[in-house]
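Undergrad:
2 protein chains.
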Amino acid sequence: MILSPRPADAAPAAHDRVYRALRGRIMQGDLPPGEGLTLRGIGSEYEVSMTPAREAVRRLVAEGALTMSSSGRVSTPELSNERIEELAALRALIEVELASRALPRAHMALIERMQTINTTIAEAVAHRDAASYIRTNLEFHRTLYLRAQAPAMLAMAETVWLQMGPTMRALYGRLRKTEPPHFHRLIIAALRAGDEPGLRLAVRSDVTQGLRMLAS
Amino acid sequence: MILSPRPADAAPAAHDRVYRALRGRIMQGDLPPGEGLTLRGIGSEYEVSMTPAREAVRRLVAEGALTMSSSGRVSTPELSNERIEELAALRALIEVELASRALPRAHMALIERMQTINTTIAEAVAHRDAASYIRTNLEFHRTLYLRAQAPAMLAMAETVWLQMGPTMRALYGRLRKTEPPHFHRLIIAALRAGDEPGLRLAVRSDVTQGLRMLAS
DNA sequence: TGCGTGGATTTGTGATCACAAAAGCCCCAT
DNA sequence: ATGGGGCTTTTGTGATCACAAATCCACGCA
Chain P
1 MILSPRPADA APAAHDRVYR ALRGRIMQGD LPPGEGLTLR GIGSEYEVSM
51 TPAREAVRRL VAEGALTMSS SGRVSTPELS NERIEELAAL RALIEVELAS
101 RALPRAHMAL IERMQTINTT IAEAVAHRDA ASYIRTNLEF HRTLYLRAQA
151 PAMLAMAETV WLQMGPTMRA LYGRLRKTEP PHFHRLIIAA LRAGDEPGLR
201 LAVRSDVTQG LRMLAS
Chain B
1 MILSPRPADA APAAHDRVYR ALRGRIMQGD LPPGEGLTLR GIGSEYEVSM
51 TPAREAVRRL VAEGALTMSS SGRVSTPELS NERIEELAAL RALIEVELAS
101 RALPRAHMAL IERMQTINTT IAEAVAHRDA ASYIRTNLEF HRTLYLRAQA
151 PAMLAMAETV WLQMGPTMRA LYGRLRKTEP PHFHRLIIAA LRAGDEPGLR
201 LAVRSDVTQG LRMLAS
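From first to last, the protein sequence lines stand for chains P and B. Residue numbering for the first sequence follows my numbering, beginning at 1 and increasing consecutively. Residue numbering for the second sequence follows my numbering, beginning at 1 and increasing consecutively.
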């Protein structure tokens, strides 16, 4: 019986490779808001023809990671303040629910792993490394949410992250103060205590924290 | 000055036309769960080549409206019970928020329009017309949520509807009893009274109502 | 100096083709 | 009857090309 029709060492499809590469760069804020992209440019960058580039772009546009003008030009989105508020509210709604579902399944090894990630985040903040900060911050959240065993919800949350990627970078880039991840400690403490209301509040606070920078 | 680069009477892009057609059919449950689709089949059905068909399918797969096997075969999703519960929970989270945001902006004309739609829904139920039921039911909800002025949230809600489309049809298809839309009346009453807690409860009840059929 | 306006260039779209792999299928051996 | 083997057909993928529209840029006029 053949279990894996596509062996792990096989080369992934070209369009998927391009998709993953672009997605990663967008999510961790590698691309600034409003950055224009061309199919031929993407194709030559990843050494593929226009066809896989087009499919990867089409997929990212469908996920809201890229915007497409009426003439078909694609670029990273420049989000209005209202859009940012909406996306933050969506993060709050979905991620609070994910955290709540993960709580009863969170064991000690998970909490310790999150604490380790938190240390890495603190280092990224100390070194003013925005890309590393965003990447490890998302890893912190994803580590918790994976325990919720709710793939559809996690996918939705990641879609929101993706949409905020370029803007997040621009936002955190202008962050002067190097504050440690305060709410992350609250999240870990609530997990330890099995305190669900506290966890929900901590996650909501952490997720909407970026809005306060926007208001200033 | 030219305001609209693409006039209203211009032919839309082929891939977009195919996308919209498929999306509509999927959302209103025209296609049963597990239905297989081929690029060449879609292409010949809409009289386009494989290229636009592929782009439309890629977009729908990205939105979760279609699933893709490891070999690239596409079909409408067959949702597990856990997945259905997740999607219903997402509907509850997002749509309750949308309704809450729409409440202060809901004026009399809107409520009357919703009541008219509700009449159409009752007729669809009476005639056992599952497709019409699903379509007008979604129109009822969308009419309210449009007032929330939250396009990102509405898009998320529609994505969830899309994912549930084929399953909804199968679910409502086996619905014996022709019950009028009870919770819709509660929603309208809460809107009239400006009763936010009542509205949230009514929307949550309406949205998770399908789960009770599943449990039986 | 500012600003349209022309052509040259870039860019997305859709069609077509070659190719490899997956799926279907039929027939035969057990 | 049933399961497997080999062949045929179907199907997705990626490359390439023609075309039209959008964009860009520089030139010349006011």
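Just so it is clear, CB atoms sit at the ideal spot from N, CA and C, and this is done for glycine as well.
If contact is defined by three or more beta carbon pairs under 8 Å, each pair taking one atom from either stretch, is the stretch 155-169 of chain P in contact with the stretch 192-199 of chain P?
TA: no
Undergrad: Does any residue of chain P bring its CB to less than 7 Å from the CB of MET153 (chain B)?
TA: Taking the first residue of the second sequence as position 1, residue 153 (chain B) is located at position 153. It does: the Cβ of MET153 (chain B) has a partner Cβ on chain P nearer than 7 Å.
Undergrad: Would ALA62 (chain P) count as contacting chain B if we go by Cβ distances under 7 Å?
TA: Position 62 of the first sequence, counted from the start, is the residue given in the question as residue 62 (chain P). Chain B contact via Cβ: present.
Undergrad: Mind checking if MET1 (chain B) is an interface residue toward chain P, Cβ cutoff 7 Å exclusive?
TA: Position 1 of the second sequence holds residue 1 (chain B). Caution is warranted here: a pLDDT of 33 is assigned to MET1 (chain B), below 50, making its placement in the model unreliable, and no coordinate value can be reported.
Undergrad: What does a CB cutoff of less than 6 Å around ALA157 (chain P) pick up in its chain, not counting 5 residues either side in sequence?
TA: Taking the first sequence and counting its residues from 1, the one referred to as residue 157 (chain P) is at position 157. Excluding residues within five positions, the ones whose Cβ falls inside 6 Å are ILE94 and GLU95.
Undergrad: The alpha helix (DSSP H) that contains ARG174 (chain B), what's its start and end?
TA: Residue mapping note: residue 174 (chain B) aligns to position 174 of the second sequence, counting from 1. Here ARG174 (chain B) belongs to no alpha helix (DSSP H), and DSSP marks it neither H nor E.
Undergrad: Against LEU93 (chain B), what residues of chain P qualify as contacts under a CB-to-CB distance less than 8 Å, listed in chain order?
TA: Position 93 of the second sequence, counting from 1, holds the residue named residue 93 (chain B). Under the 8 Å cutoff, chain P gives LEU93, ILE94 and GLU97.
Undergrad: Any contact between the stretch 30-38 of chain B and the stretch 22-41 of chain P? By contact I mean 3 or more CB pairs, one from each, below 8 Å.
TA: no
Undergrad: Which of helix, strand or coil does DSSP assign to THR38 (chain B)?
TA: As a position in the second sequence, residue 38 (chain B) is number 38, starting the count at 1. The answer is coil: DSSP assigns THR38 (chain B) none of H, G, I, E or B.
Undergrad: Would you list, in chain order, the members of the stretch 136-165 of chain B that have their beta-carbon closer than 7 Å to a beta-carbon of chain P?
TA: Contacts with chain P (Cβ-Cβ distance below 7 Å) from the stretch 136-165 of chain B involve ALA150, ALA152, MET153 and MET156, listed in chain order.
Undergrad: For THR67 (chain B), which of helix, strand or coil comes out of DSSP?
TA: Locating residue 67 (chain B) in the second sequence gives position 67, where the first residue counts as 1. THR67 (chain B) falls in the strand class under three-state DSSP.
Undergrad: Tell me the DSSP secondary structure of VAL203 (chain B) in three-state form.
TA: Taking the second sequence and counting its residues from 1, one reaches residue 203 (chain B) at position 203. VAL203 (chain B): helix per DSSP, three-state reduction.
Undergrad: Under DSSP, the alpha helix (DSSP H) around ASP16 (chain B) begins and ends at which residues?
TA: For the purposes of this step, residue 16 (chain B) is taken as residue 16 along the second sequence, with counting starting at 1. Where ASP16 (chain B) is concerned, the enclosing alpha helix (DSSP H) stretches over 14-27.
Undergrad: Taking THR208 (chain B) as the reference, give the member of B:GLU85, B:SER49 and B:GLN115 with the closest Cα.
TA: For the purposes of this step, residue 208 (chain B) is taken as residue 208 along the second sequence, with counting starting at 1. Among B:GLU85, B:SER49 and B:GLN115, the Cα nearest to that of THR208 (chain B) belongs to B:GLU85.
Undergrad: Does DSSP classify SER49 (chain P) as helix, strand or coil?
TA: Residue 49 (chain P) sits at position 49 when you count from the first residue of the first sequence. DSSP places SER49 (chain P) in coil when its eight states are reduced to three.
Undergrad: Does GLU196 (chain B) come within less than 7 Å of chain P when only Cβ atoms are used?
TA: Here residue 196 (chain B) refers to the residue found at position 196 of the second sequence. By this cut-off, GLU196 (chain B) is not an interface position.
Undergrad: Could you tell me whether any Cβ in chain P is nearer than 7 Å to the Cβ of ARG58 (chain B)?
TA: Locating residue 58 (chain B) in the second sequence gives position 58, where the first residue counts as 1. Yes, because at least one Cβ of chain P sits closer than 7 Å to the Cβ of ARG58 (chain B).
Undergrad: Smallest Cα separation from SER70 (chain P): which of B:ALA170, B:GLY29, B:PRO12 and B:SER69?
TA: By 1-based counting over the first sequence, the position of residue 70 (chain P) is 70. When each option's Cα is compared against that of SER70 (chain P), the closest is B:PRO12.
Undergrad: For HIS127 (chain B), count neighbouring Cβ atoms within 10 angstroms of its own Cβ and tell me buried if that reaches 16, exposed if not.
TA: Sequence index remark: in the second sequence, residue 127 (chain B) carries index 127 (1-based). The residue is exposed, with fewer than 16 neighbouring Cβ atoms inside 10 Å.
Undergrad: Quick check: is the beta carbon of GLU55 (chain P) nearer than 7 Å to any beta carbon in chain B?
TA: Position 55 of the first sequence holds residue 55 (chain P). Cβ-Cβ to chain B under 7 Å: yes for GLU55 (chain P).
Undergrad: Who are the Cβ neighbours of GLY43 (chain P) in its own chain at under 7 Å, not counting the five residues just before and after it?
TA: By one-based count along the first sequence, residue 43 (chain P) stands at place 43. For GLY43 (chain P), where only same-chain residues beyond five positions count, the Cβ hits under 7 Å are SER49, MET50 and ALA53.
Undergrad: Excluding the five sequence neighbours on either side, which residues of its own chain have a C-beta within less than 6 Å of the C-beta of THR159 (chain B), listed in chain order?
TA: By 1-based counting over the second sequence, the position of residue 159 (chain B) is 159. Around THR159 (chain B): GLU63.
Undergrad: Ends of the alpha helix (DSSP H) at LEU217 (chain P)?
TA: This structure leaves residue 217 (chain P) out entirely; chain P is present only between 1 and 216.
Undergrad: Taking only beta-carbon atoms, is GLU86 (chain B) less than 7 Å away from chain P?
TA: Taking the second sequence and counting its residues from 1, one reaches residue 86 (chain B) at position 86. Yes - at least one Cβ of chain P is within 7 Å of the one on GLU86 (chain B).
Undergrad: Relative to the C-alpha of ARG25 (chain B), which candidate in B:THR76, B:LEU39, B:ALA14 and B:HIS15 has its C-alpha closest?
TA: Translated into positions along the second sequence, residue 25 (chain B) becomes position 25. Nearest C-alpha to ARG25 (chain B): B:THR76.
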